[in-house]
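Protein chains in written order, with the numbering used here: chain E, 231 to 347; chain C, 231 to 347.
Protein chains: 2
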Amino acid sequence: MKMTPEILLKSLSDQTRLRSVMLLMQEGELCVCELTYALDLIQPKISRHLASLRDMWVVIDRRAGQWVYYSINSDLPLWANELLQALLKGSLNDKQHRADLKKIKNMSNRPENRICA
Amino acid sequence: MKMTPEILLKSLSDQTRLRSVMLLMQEGELCVCELTYALDLIQPKISRHLASLRDMWVVIDRRAGQWVYYSINSDLPLWANELLQALLKGSLNDKQHRADLKKIKNMSNRPENRICA
DNA sequence: AAATAATATATGGTTGATCATATATATGTC
DNA sequence: GACATATATATGATCAACCATATATTATTT
Numbered sequence: 231m232k233m234t235p236e237i238l239l240k241s242l243s244d245q246t247r248l249r250s251v252m253l254l255m256q257e258g259e260l261c262v263c264e265l266t267y268a269l270d271l272i273q274p275k276i277s278r279h280l281a282s283l284r285d286m287w288v289v290i291d292r293r294a295g296q297w298v299y300y301s302i303n304s305d306l307p308l309w310a311n312e313l314l315q316a317l318l319k320g321s322l323n324d325k326q327h328r329a330d331l332k333k334i335k336n337m338s339n340r341p342e343n344r345i346c347a
Numbered sequence: 231m232k233m234t235p236e237i238l239l240k241s242l243s244d245q246t247r248l249r250s251v252m253l254l255m256q257e258g259e260l261c262v263c264e265l266t267y268a269l270d271l272i273q274p275k276i277s278r279h280l281a282s283l284r285d286m287w288v289v290i291d292r293r294a295g296q297w298v299y300y301s302i303n304s305d306l307p308l309w310a311n312e313l314l315q316a317l318l319k320g321s322l323n324d325k326q327h328r329a330d331l332k333k334i335k336n337m338s339n340r341p342e343n344r345i346c347a
């Protein structure tokens, strides 16, 4: 795994991927169906972008039954983390990001709520 | 002028533009012929990418006789500056960036050297 | 079987590259 | 001053590669 400025920028230069990463930064971990709901996009599109982020080592995934959860790769170099922090700061006033966040907060029937046991 | 995460990421997701911005961050200000030399690319390509960066308010230009100098836009929001700093940190160990920097340092006949008078 | 997620396929739009040329500025000659 | 020439830079036109997308289907888990 070799994260470079070029790779990271490329991975974030798509709107859907940027929105996904910003949500992951705020929420920690989300599954495909949650992102699909929050971003209000169709599932194959979300799945594809998440796969792209995973292939570029920006995010990692884990399966929990039917659900696949994605989260930011904690092994990113310091500069990459700093870049993401700066990005989040720039996104906090972003209308789209705020709407995404609100949507996930209001989502009912989240998997997490179901697998408490 | 409205700089957003999306705009900034898009502007930096091209290799030539990224290399240009990293050099500008290190050198402060460079003209087209200097960047053309340092990046070892043809002039129209450099000119186009710089125009793109200018149109997206990442850089500003000023003409000094025959020469047009480009530099990072000092009015960028804080988060954008932080992002660029993080990016530079990630680029310092980058082979390509180091080669670019070395090339500009070794450039003879730089305009700056000629317009001392 | 049902729910969730990933993938195959085809399509169209975007973006970057290159060559040629236009534009801007400076200098030399008459 | 007018004109020719040189140099630096920007832009028009064109093309090809790439990437994102949607629909349909497959894979995985329960």
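C-beta: ideal position from N, C-alpha, C; glycine also.
On a predicted model such as this, the values are computed, not experimentally measured, just so you know.
Among C:L317, C:R340, C:S338, C:M337, nearest to T234 of chain E - alpha-carbon criterion
It is C:L317 whose Cα lies nearest to the Cα of T234 of chain E.
Would V251 of chain C pass as a contact of V298 of chain C if the rule is Cβ separation under 8 Å?
In this structure, V298 of chain C does not lie closer than 8 Å to V251 of chain C by Cβ.
Exposed or buried, what is R328 of chain E when buried is set at 16 or more other beta-carbons lying within 10 Å of its beta-carbon?
It is exposed - the Cβ of R328 of chain E has fewer than 16 other Cβ atoms within 10 Å.
Report the residue from C:L238, C:R249, C:A281, C:L242 whose alpha carbon sits nearest the alpha carbon of Q326 of chain C.
Selection C:L238, C:R249, C:A281, C:L242 evaluated against Q326 of chain C yields C:R249 as nearest (Cα-Cα).
With DSSP run on the structure shown, which of helix, strand or coil describes W309 of chain E?
It is helical.
Under 8 Å between C-beta atoms of L242 of chain E and L239 of chain C:
Less than 8 Å separates the beta-carbon of L242 of chain E from that of L239 of chain C.
Are the Cβ atoms of L331 of chain C and Q256 of chain C separated by less than 8 Å?
Result yes, Cβ atoms of L331 of chain C and Q256 of chain C sit closer than 8 Å.
Once the 5 residues before and after Y267 of chain C are set aside, which same chain residues still bring their CB inside 8 Å of it?
Excluding sequence neighbours, Y267 of chain C sits near K333, I334, M337.
Through-space distance from E236 of chain E to G320 of chain E, alpha-carbon basis:
Approximately 20 Å between the Cα atoms of the pair.
What number of angstroms, rounded off, separates the C-alpha of D291 of chain C from the C-alpha of D244 of chain E?
Rounded to whole angstroms, the gap between the alpha carbons of D291 of chain C and D244 of chain E is 27 Å.
Helix, strand or coil at M291 of chain E [DSSP, three-state]:
According to the sequence as given, residue 291 of chain E is Asp; it is not Met. In the three-state reduction of the DSSP assignment, D291 of chain E falls in the strand class, which pools E and B.
For chain C, check one thing: does any of its Cβ atoms lie closer than 8 Å to the Cβ of Q245 of chain E?
Closer than 8 Å: yes.
Between which two residues does the alpha helix (DSSP H) harbouring I276 of chain C extend?
Looking at the DSSP string, the run of the alpha helix (DSSP H) that includes I276 of chain C is 273-285.
Measure how close the beta-carbons of L254 of chain E and S301 of chain E come, nearest whole angstrom, since I'm counting them as under 8 Å.
With 8 Å as the limit, L254 of chain E and S301 of chain E qualify as a contact, their Cβ atoms being about 6 Å apart.
Segment limits, beta strand (DSSP E) that includes L248 of chain C:
Boundaries around L248 of chain C are those of the alpha helix (DSSP H), 245-257, since no beta strand (DSSP E) includes it.
Taking the alpha-carbon positions, what's the N323 of chain C to N323 of chain E distance?
Their Cα atoms are separated by approximately 33 Å.
Assign R247 of chain E to one of two classes, buried (16 or more other C-beta atoms within 10 Å of its C-beta) or exposed (fewer than that).
The residue is buried, with at least 16 neighbouring Cβ atoms inside 10 Å.
Distance, A310 of chain E Cα to L271 of chain C Cα:
Here the alpha carbons of A310 of chain E and L271 of chain C stand approximately 28 Å from one another.
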